[in-house]
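Structure record follows, encoded as structure tokens.
Number of protein chains: 2
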Amino acid sequence: MTHKNFKNIDKVTYGRGSFSQLSETIEPVRKENNGDFVFIVDNYFKDKPLSKKLQNKPGDLVYFIDVDAYEPTTEQVDNLRDAILAKNGLPSGVIGIGGGSVMDIAKALSLMLTNEGSSTLYQGLNLVKKAGIYHLGVPTISGTGAEVSMTAVLTGPEKKLGLKCDWTVFNQVILDPELIESVPVDWWFYTGMDTYIHCIESHNGIRNNAFSLAYGDQALQLCREVYLNEDAGQTAENNDKLMVASLMGGLSLTYSEVGVCHAISYGLSKILGTRHCYANCVIFQHLEDIYPQGVKEFKAMVKKHKIALPQNLSKNWDDETLTKMATVSFNLPFMWNHAFGDKYQEIATMDYIKNLFRRL
Amino acid sequence: MTHKNFKNIDKVTYGRGSFSQLSETIEPVRKENNGDFVFIVDNYFKDKPLSKKLQNKPGDLVYFIDVDAYEPTTEQVDNLRDAILAKNGLPSGVIGIGGGSVMDIAKALSLMLTNEGSSTLYQGLNLVKKAGIYHLGVPTISGTGAEVSMTAVLTGPEKKLGLKCDWTVFNQVILDPELIESVPVDWWFYTGMDTYIHCIESHNGIRNNAFSLAYGDQALQLCREVYLNEDAGQTAENNDKLMVASLMGGLSLTYSEVGVCHAISYGLSKILGTRHCYANCVIFQHLEDIYPQGVKEFKAMVKKHKIALPQNLSKNWDDETLTKMATVSFNLPFMWNHAFGDKYQEIATMDYIKNLFRRL
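Line order of the protein sequences matches chains A and B. Each residue of the first sequence is one higher than the one before, counting from 1 in the numbering used here. Each residue of the second sequence is one higher than the one before, counting from 361 in the numbering used here.
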């Protein structure tokens with residue numbers, strides 16, 4: 001057995017107000033390439049105070065990107081790359097300010113600025129040929145773990161799959177809990193639950209180990225403090241904890257693997273465009289037979305925060321749609337293997353997976 | 361307030377048997393400099409099976425170093441550096457296989473191979489001028505957190521102080537719990553308690569935050585499983601956990617600060633040469649007024665494993681010795697500030713510190 005050799009984020013700044021250190025953090029990097037930075041910012045902030053605090057210089061390119069319409073696509077990243085290079089050549093670095101989608105766009109862009117052709121060529125493990133340029137992530141919503149992961153998940157014409165390699169990992173992350181204060185309660189819930197589900201799935205499977213368990217246990221403990229216990233809710237103290245939980249949940253799954261919920265979630269998102277964290281919540285509520293303790297606790301958190309998750313979605317899906325979704329999920333064998341062990345192929349058949357979709 | 365921008369270990373491999381991946385891990389680095397690696401190995405392994413599994417090539421230099429005699433010194437590192445450069449020029453990298461002392465020698469050596477003059481010139485924060493060469497750490501005893509920290513603590517003619525900068529951090533760490541199986545029970549205890557004390561001190565002070573607390577809480581939980589609970593002891597499962605606890609304890613203190621025990625410990629080690637982890641244990645038992653919960657739990661662990669800690673050491677110390685030790689401790693203001701807050705100078709006077717030494 002080969003043990004994973006995990007690439008860390010090079011540098012991490014954590015603390016309230018730390019976003020104000022952005023310009024001094026990137027200053028030494030401006031000697032690379034054309035001296036300019038590309039800012040990829042969640043469109044949500046376009047007219048918000050944050051847009052006045054970007055600390056960008058003249059020459060820097062600032063793109064406000066609407067990530068609500070759809071999840072990041074290969075075409076979107078390719079077009080952005082072409083536009084940036086046409087404008088002013090190779091920049092010094094890319095800064096992503098937003099949630100998981102913005103993180104993924106920034107990470108993918110960093111790689112695609114130095115690797116030729118379409119990003120569809122690089123969807124998979126270690127297909128990227130050259131190191132990307134410096135890239136820095138500033139999460140403004142916590143939970144996906146995209147700030148720490150070695151993947152930049154993109155939806156292409158063929159597949160929803162990440163550009164996955166050591167170079168994908170951010171050079172720098174700035175974790176400023178003040179930036180997640182304005183997250184609407186429903187998305188605060190869905191994205192935090194992504195962390196929660198990462199840890200439940202990472203724990204319950206053959207690839208867990210003392211490393212992934214330690215990170216996962218602590219992230220779960222933090223999730224309970226943020227979403228379940230007496231002092232639960234969107235408080236300053238809980239926002240401090242949620243940012244750490246997201247990071248630790250990401251490290252837990254990196255050293256282990258996700259499972260059934262994520263496999264189904266990828267199928268749902270690929271075919272219907274459902275946003276990742278929300279899709280996970282829609283699915284996880286129906287997996288009590290697979291993750292009994294986790295789903296029970298999840299439902300208590302849903303109830304506590306009065307989150308309305310949709311039911312009976314599948315009644316409008318014909319067999320063709322079900323088959324398409326199940327095919328995407330079926331083709332994620334490492335997730336099924338982790339969840340069900342070496343005989344996973346006997347359990348996770350197309351029929352079994354289609355029936356999981358029928359639960360939704 | 362400026363938030364720390366913490367440099368991570370570039371890459372981490374974790375798992376039983378992962379040490380066997382050493383040669384493939386360093387292979388790509390052999391294209392740097394002269395193509396050879398320097399192995400710094402704890403002398404304990406000289407005739408043990410591990411010495412046959414180093415995976416070194418002809419041309420690589422292997423030094424077995426006795427770290428029992430004294431803690432790493434500036435002179436020792438300078439002499440090693442001179443010998444290595446005289447032999448075959450600048451190597452591709454340095455590999456440290458051992459405990460905290462060996463880690464510190466490997467880290468310091470990596471820096472001193474590219475920075476001129478004596479290592480005494482660089483004792484302090486950010487005094488190192490140039491990046492060192494690639495360096496890789498393989499802990500064979502867990503607890504000091506030296507595998508993750510940004511310091512290489514050396515004792516010089518003037519001071520016991522680390523070479524502290526981003527370049528000090530390892531490029532690669534291999535965490536193989538099989539390597540800590542043969543640690544004698546007393547040192548298994550002392551070094552593990554270094555982690556425990558890191559977390560207690562990191563928690564109890566003004567520099568703590570959600571990041572350091574999350575790492576510290578999880579490391580404390582793991583310490584309880586390894587040293588206190590029903591299944592405590594040197595089992596395979598606990599060794600798996602201890603390696604993770606050491607890493608997390610190191611991250612907790614990096615994002616916060618150590619406190620009174622470490623300040624006193626540095627004084628004791630500098631003047632009497634007492635080994636760090638052991639010194640911490642000797643001191644911590646007497647700090648119940650400062651860390652009441654921590655010391656209570658510590659004593660329960662001492663009792664459980666029948667560890668005999670010396671008493672009444674100070675009865676043989678004259679005032680000159682006490683003053684020397686207290687002076688070293690007094691000159692660590694960041695530790696006293698963390699522990700006692702902004703009015704620390706009113707509390708941690710020379711008299712107060714000398715009285716702490718008299719407790720030993």
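Note that the Cβ used here is the ideal one computed from N, Cα and C, for glycine as well.
Alpha-carbon to alpha-carbon, residue j and residue i
i	j	result
S542 (chain B)	S246 (chain A)	36 angstroms
Y344 (chain A)	V128 (chain A)	30 angstroms
G576 (chain B)	V513 (chain B)	22 angstroms
C199 (chain A)	L573 (chain B)	19 angstroms
R275 (chain A)	M325 (chain A)	15 angstroms
L121 (chain A)	A146 (chain A)	21 angstroms
H3 (chain A)	S378 (chain B)	6 angstroms
N8 (chain A)	S118 (chain A)	27 angstroms
K371 (chain B)	I105 (chain A)	23 angstroms
H286 (chain A)	M301 (chain A)	15 angstroms
K664 (chain B)	D546 (chain B)	12 angstroms
A339 (chain A)	I197 (chain A)	13 angstroms
A423 (chain A)	S142 (chain A)	For chain A, the structure presents residues 1 to 360; residue 423 (chain A) sits outside this window and is missing.
L496 (chain B)	G453 (chain B)	8 angstroms
Y14 (chain A)	F189 (chain A)	22 angstroms
E320 (chain A)	W336 (chain A)	22 angstroms
Test item: CB-CB of residue i and residue j under 7 angstroms
i	j	result
I493 (chain B)	S470 (chain B)	yes
N33 (chain A)	P91 (chain A)	yes
M243 (chain A)	L175 (chain A)	yes
S329 (chain A)	I264 (chain A)	yes
D78 (chain A)	P177 (chain A)	no
G458 (chain B)	T500 (chain B)	yes
V620 (chain B)	I650 (chain B)	yes
D36 (chain A)	D60 (chain A)	yes
K520 (chain B)	K630 (chain B)	yes
T191 (chain A)	C277 (chain A)	yes
V618 (chain B)	E561 (chain B)	yes
M193 (chain A)	Q218 (chain A)	no
Y404 (chain B)	G633 (chain B)	no
V102 (chain A)	I26 (chain A)	no
Helix, strand or coil at residue i [DSSP, three-state]
i	result
K489 (chain B)	coil
Y482 (chain B)	helix
I400 (chain B)	strand
I26 (chain A)	helix
L90 (chain A)	coil
G192 (chain A)	helix
Y712 (chain B)	helix
V655 (chain B)	helix
Y494 (chain B)	strand
I501 (chain B)	coil
V282 (chain A)	helix
L113 (chain A)	coil
G460 (chain B)	helix
L161 (chain A)	strand
K11 (chain A)	strand
Residue from the options whose Cα sits closest to the Cα of residue i
i	options	result
F64 (chain A)	A:N56, A:V77, A:T74 and A:K46	A:K46
I434 (chain B)	B:G516, B:K520 and B:E617	Per the sequence shown, the amino acid found at residue 434 (chain B) is Thr instead of Ile. Of B:G516, B:K520 and B:E617, the residue nearest in Cα terms is B:G516.
K107 (chain A)	A:W167, A:Q218 and A:I271	A:W167
N564 (chain B)	B:Q645, B:I643 and B:S616	B:S616
L251 (chain A)	A:T144, A:K304, A:M193 and A:A83	A:T144
Q55 (chain A)	A:Y70, A:N43, A:D66 and A:V38	A:V38
L440 (chain B)	B:A429, B:V422, B:D428 and B:Y430	B:V422
V138 (chain A)	A:L179, A:K130 and A:A131	A:L179
K164 (chain A)	A:L356, A:A210, A:P184 and A:M112	A:M112
D426 (chain B)	B:G460, B:L445, B:G449 and B:A446	B:G460
F694 (chain B)	B:L485, B:G449, B:R390 and B:A446	B:L485
N88 (chain A)	A:P58, A:Q123 and A:V29	A:P58
Interface partners of residue i on chain E, CB under 8 angstroms
i	result
V244 (chain A)	In summary, chain E is missing from the structure at hand, where the protein chains are A and B.
Where the alpha helix (DSSP H) containing residue i begins and where it ends
i	result
N697 (chain B)	P693 to F700
T687 (chain B)	D679 to F690
Q345 (chain A)	Y344 to I347
G249 (chain A)	A236 to T254
F571 (chain B)	A570 to Y587
V620 (chain B)	V620 to L632
Range of the contiguous beta strand (DSSP E) that encloses residue i
i	result
F6 (chain A)	N5 to K7
A512 (chain B)	T511 to T515
Q172 (chain A)	Q172 to L175
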